[in-house]
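A short write-up of the structure that comes next.
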Amino acid sequence: MDLEEKFRELNRRREGAHMAHVYYGDPNEEFSIELIETLAKSGADIVEFGIPFSDPIADGITFQAACERALRGGVTPAKCIRGIEKLREDGLEAPIVVTTYFNIPYAIGFRRFLGEIKSAGAQGILIPDLPMEEAEPFLGAIREEGLHLIFQVAPTTHRERLERILAKASGFIYLIGLEGVTGSRLRGKEVIKPLGAVKRGAAIPVIVGFGISKREHAETIVSAGADGVAVGSAYARIYSEDLECPWRKLSEVARLASEIKKGCVEGYRGRDTLNNQGEEAPQAALQRLPVYQVRRNSILDGKAGGDEDRHLPIRSPPRL
Amino acid sequence: MSKGRFGKYGGQYVNEILMHALIELEEAFEKIYPTPEFQREFMGLLRDYGGRPTPLYHAKNFSKLVGFKVYLKREDLLCGGSHKLNNALGQALLAKNMGKRRLITETAAGQHGLATAMAGNVCGLETEVFMGIKDLKRQAANVKKMRLLGAKVNPVRSGAGILKDAVSETLREWSACSRTTHYLVGSTVGPHPFPTIVATFQSVIGNEIKQQILEREGRYPDAIVACGSGGSNALGAFRPFLEDEGVRLYFVEGGGEGTGAEDSSMVFRYGSPGVLHGSLMLVMQDECGQIRASKTRAAGLNYPGRGPEISYLCEIGRVRPGYALDREVFEAVRTMCRAEGLIPALETAHAIAYVLNHREEFDPDDLVVINYSGRGDKDLEAILRYFYGS
């Protein structure tokens, strides 16, 4: 199923999308296949299929460990691509977005990589270290291959830059909900302002990711106008508690996945309630929620005040 | 060549979160760096705080030993004990002018972390340093100094616990605080504009060599030899001579044990183009594009990538790559100790070892400058253990 079709279907059902991010091969391939199938059965609408990289600079500690374990276990990009084929053979219908750092497709050959993931059954590709400028030379090849390049935007993205990204984007926009790495702690509401800015300009759906681990996050974000949420580290945190036999954790993963999905559904329908009251959904949600102070440098006017402590660390006394 | 590119190398391969910071930094550097106010303050600090110009020393005993005239560019005499302060002061001053309140950085040998802590204090900026746990142990003296200066030193446990992992961790930290914090990149690596900024601030080395050698010898050197991984001390020495084709430029990397790719940091032998830490450069990787950990006894050379500019200069043949093995490096330390009474850093000793072991590449009337990038106090324990056991 292609991404457009999936989003149309979800809109018909009045649901936000739940994209589940998994690093393939952590701790082994068999488990990853079962994990992805469990997630898809329990409420994941889109699979974000991570190909592990040795130096994942946009990932927090949970996904770094996942990459390390997967690579130690011997997973390779070729095995990952066979994993996608396997999922399709098993009957997985959800759209698959392949996420990997740029050096992986670069080393294999970008065009060859695109062809391989496409024929394995992927619909899109997301490269966290390939910003708009560097992606430019590859846009033609990606389009020719019939894949979507999923662009990320961040709370730090300048408005004029956002417009340029939106003009090139296809599939959906991935809004990074916070300044930091995957698996950071999100409160949920700080996303609302940047989300408003992206939604105003975007002709395609917007999925919010980074730091989402709870049903309430999903509900808040979807009710504020997001078309979906991405959850990843929260799942890896669950099964990595029992790496001897991660299968024992699958029911817990399934529970969280269905909770997140419930949040996506409730968020969407809460938005409908607001709409029935005759208001534009995102703006209405904005008015309902506290407005955070906007920093001087703020670009997407999206920075929540509460993160100040990250910027002004307390100087530690010298330890000798 | 397009902006931020050296041939095909360079670029800005970072997450969108950081793009605003790179754009802001590039604009600030272009606007602030050329102003007379900045130049005055920067040059003043290099002189009065750093102790520049550093001397160009004619190492007569060493020259006699190798059979040609060797000068040492004494960056070990720069305050802090290595060339690192040139760049740290420049960037800290830039960060202050940009209104940043805090510096973060990574360090391996600890020299750059120390220089950043010094520059941070001079400019009134908080400093936080990320350091691989393996390096934290082997460079304990510099860790103590950084902490004494008030810098927070964060151990990095991910990966192999070395420089590559510390750089990744600092980039992650920067993603969370780039509005108020400057990442003071320590070498000519990373996304544009860092390689250019660092090389520009380090070029003071080569500019001084040019002037000093003209005063002493009335001509340019025939060769300049420098050690490196990212390439900051080498590019600092080389850059002002790039147009002078008569000056041979030697870049010496860490050969490690020299038994193969697994045991070395020989990127020019075992590397290939790849993207690491925001930039396309020569990097050691497996056939799938996974980055390999490098290995050498010199923590400061233990990086699996070569910065984009040095990658390019070697590709076009302007710079000649070479290497020195760990055992040759320790022998070079001993030779320099006995010949000139100087204890070089293990990194610096790579350049010395190269000259000692490749005498055939130099003519008897050649003028050779070794960029003596740092002093060896930080390596004392490792050196003593090598020669006398524990």
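Those sequence lines, one after another, are chains A and B. Per the working numbering: the first sequence = residues 1 to 320. Per the working numbering: the second sequence = residues 1001 to 1390. C-beta: ideal position from N, C-alpha, C; glycine also. The structure presented is a predicted model; accordingly, all values stated were derived computationally and were not measured.
Would a C-beta distance cut-off of 8 Å place residue i and residue j closer than the cut-off?
i                 : j                 : result
Phe74 (chain A)   : Asp227 (chain A)  : Inspection of the sequence shows that residue 74 (chain A) is occupied by Gly rather than by Phe. Taking 8 Å as the Cβ cut-off, Gly74 (chain A) and Asp227 (chain A) do not qualify as a contacting pair.
Tyr1303 (chain B) : Ser1373 (chain B) : no
Leu1125 (chain B) : Ala1166 (chain B) : no
Val1368 (chain B) : Pro131 (chain A)  : no
Ala1088 (chain B) : His1112 (chain B) : yes
Glu1169 (chain B) : Ile176 (chain A)  : no
Pro1221 (chain B) : Gly1010 (chain B) : no
Gly1161 (chain B) : Lys1134 (chain B) : yes
Gly60 (chain A)   : Thr99 (chain A)   : no
Gly1300 (chain B) : Val1267 (chain B) : no
Gly1051 (chain B) : Leu1077 (chain B) : yes
May I have the straight-line CA-CA distance separating residue i from residue j, to the nearest angstrom?
i                 : j                 : result
Asp2 (chain A)    : Gln123 (chain A)  : 6 Å
Leu1103 (chain B) : Leu1025 (chain B) : 14 Å
Leu35 (chain A)   : Arg112 (chain A)  : 28 Å
Gly1007 (chain B) : Val191 (chain A)  : 40 Å
Asn1086 (chain B) : Ala1115 (chain B) : 9 Å
Asp1379 (chain B) : Arg1385 (chain B) : 10 Å
Lys118 (chain A)  : Gln1202 (chain B) : 46 Å
Ile1224 (chain B) : Ile1352 (chain B) : 11 Å
Ala284 (chain A)  : Gly270 (chain A)  : Caution is warranted here: a pLDDT of 42 is assigned to Ala284 (chain A), below 50, making its placement in the model unreliable, and no coordinate value can be reported.
Pro1240 (chain B) : Leu1046 (chain B) : 18 Å
Ala1199 (chain B) : Thr1188 (chain B) : 6 Å
Arg1005 (chain B) : Ser1311 (chain B) : 11 Å
Cys1079 (chain B) : Tyr239 (chain A)  : 51 Å
Gly1110 (chain B) : Lys1069 (chain B) : 32 Å
Pro282 (chain A)  : Ala224 (chain A)  : Residue placement at Pro282 (chain A) is flagged as unreliable, the pLDDT there being 48, under the threshold of 50; a coordinate-derived value is accordingly withheld.
Ser184 (chain A)  : Gln64 (chain A)   : 13 Å
Ala218 (chain A)  : Ile165 (chain A)  : 25 Å
Asn1371 (chain B) : Ile1197 (chain B) : 20 Å
Met1019 (chain B) : Gln1139 (chain B) : 33 Å
Gly1218 (chain B) : Arg1359 (chain B) : 24 Å
Arg159 (chain A)  : Pro194 (chain A)  : 10 Å
Pro56 (chain A)   : Arg161 (chain A)  : 25 Å
Lys1031 (chain B) : Gln1012 (chain B) : 20 Å
Lys168 (chain A)  : Val1153 (chain B) : 42 Å
Please report the residue range of the alpha helix (DSSP H) in which residue i lies.
i                 : result
Met1043 (chain B) : 1036-1045
Pro1308 (chain B) : 1308-1315
Lys86 (chain A)   : 77-89
Met1146 (chain B) : 1140-1148
Leu1018 (chain B) : 1016-1032
Val222 (chain A)  : 215-223
Val1355 (chain B) : 1346-1357
Ser32 (chain A)   : 29-41
Pro105 (chain A)  : 103-108
His1112 (chain B) : 1111-1123
Asn1207 (chain B) : 1204-1217
Can you tell me where the beta strand (DSSP E) holding residue i begins and where it ends?
i                 : result
Gly228 (chain A)  : 228-231
Glu48 (chain A)   : 46-50
Thr1105 (chain B) : 1102-1107
Arg8 (chain A)    : That residue, Arg8 (chain A), is in no beta strand (DSSP E); its alpha helix (DSSP H) goes 3-12.
Thr1181 (chain B) : 1181-1183
Cys1227 (chain B) : 1223-1227
Phe1330 (chain B) : From DSSP, Phe1330 (chain B) is part of no beta strand (DSSP E) but of the alpha helix (DSSP H) over 1326-1340.
Phe1130 (chain B) : 1126-1132
Thr1188 (chain B) : Segment: none, Thr1188 (chain B) is in no beta strand (DSSP E) and carries neither H nor E.
Val198 (chain A)  : No beta strand (DSSP E) contains Val198 (chain A), which is instead part of the alpha helix (DSSP H) from 192-201.
Arg1074 (chain B) : 1069-1074
Asn1371 (chain B) : 1367-1372
List the whole-angstrom C-beta distance separating residue i from residue j, where the pair is believed to meet the contact cut-off of C-beta under 8 Å.
i                 : j                 : result
Ile1205 (chain B) : Gly1236 (chain B) : 4 Å
Val181 (chain A)  : Arg1172 (chain B) : 5 Å
Phe151 (chain A)  : Ile104 (chain A)  : Rounded, the Cβ-Cβ distance is 18 Å, inconsistent with contact.
Ala78 (chain A)   : Gly25 (chain A)   : That belief does not hold up - the Cβ atoms of Ala78 (chain A) and Gly25 (chain A) are roughly 11 Å apart, past 8 Å.
Ala20 (chain A)   : Val231 (chain A)  : 6 Å
Gly1274 (chain B) : Gly1289 (chain B) : 6 Å
Ala236 (chain A)  : Gly43 (chain A)   : Actually they do not touch by this definition, with Cβ atoms about 17 Å apart.
Tyr1049 (chain B) : Ala1059 (chain B) : At roughly 27 Å, the Cβ-Cβ gap does not stay under 8 Å, so Tyr1049 (chain B) and Ala1059 (chain B) are not in contact.
Phe1251 (chain B) : Pro1321 (chain B) : 5 Å
Arg1297 (chain B) : Ile1343 (chain B) : That pair is no contact at about 15 Å.
Lys6 (chain A)    : Pro95 (chain A)   : 5 Å
When every heavy atom of the ligand PLP is checked, does at least one fall within less than 7 Å of the C-beta of residue i?
i                 : result
Ala1223 (chain B) : This structure does not include the ligand PLP; it has no bound ligands of any sort.
Residue ranges of each beta strand (DSSP E) within the stretch 129-190 of chain A, 3 or longer:
Taking only runs of at least 3 residues, the beta strand (DSSP E) segments lying wholly in the stretch 129-190 of chain A are 173-176.
Please list the residues of the stretch 132-162 of chain A that have a C-beta atom closer than 9 Å to any C-beta atom in chain D, keeping them in chain order.
Although the question refers to chain D, the structure presented lacks it and instead comprises the protein chains A and B.
Extract the residue ranges of the beta strand (DSSP E) inside the stretch 1241-1289 of chain B, only unbroken runs of 3 or more that lie entirely within it.
Taking only runs of at least 3 residues, the beta strand (DSSP E) segments lying wholly in the stretch 1241-1289 of chain B are 1248-1256, 1272-1276, 1279-1283.
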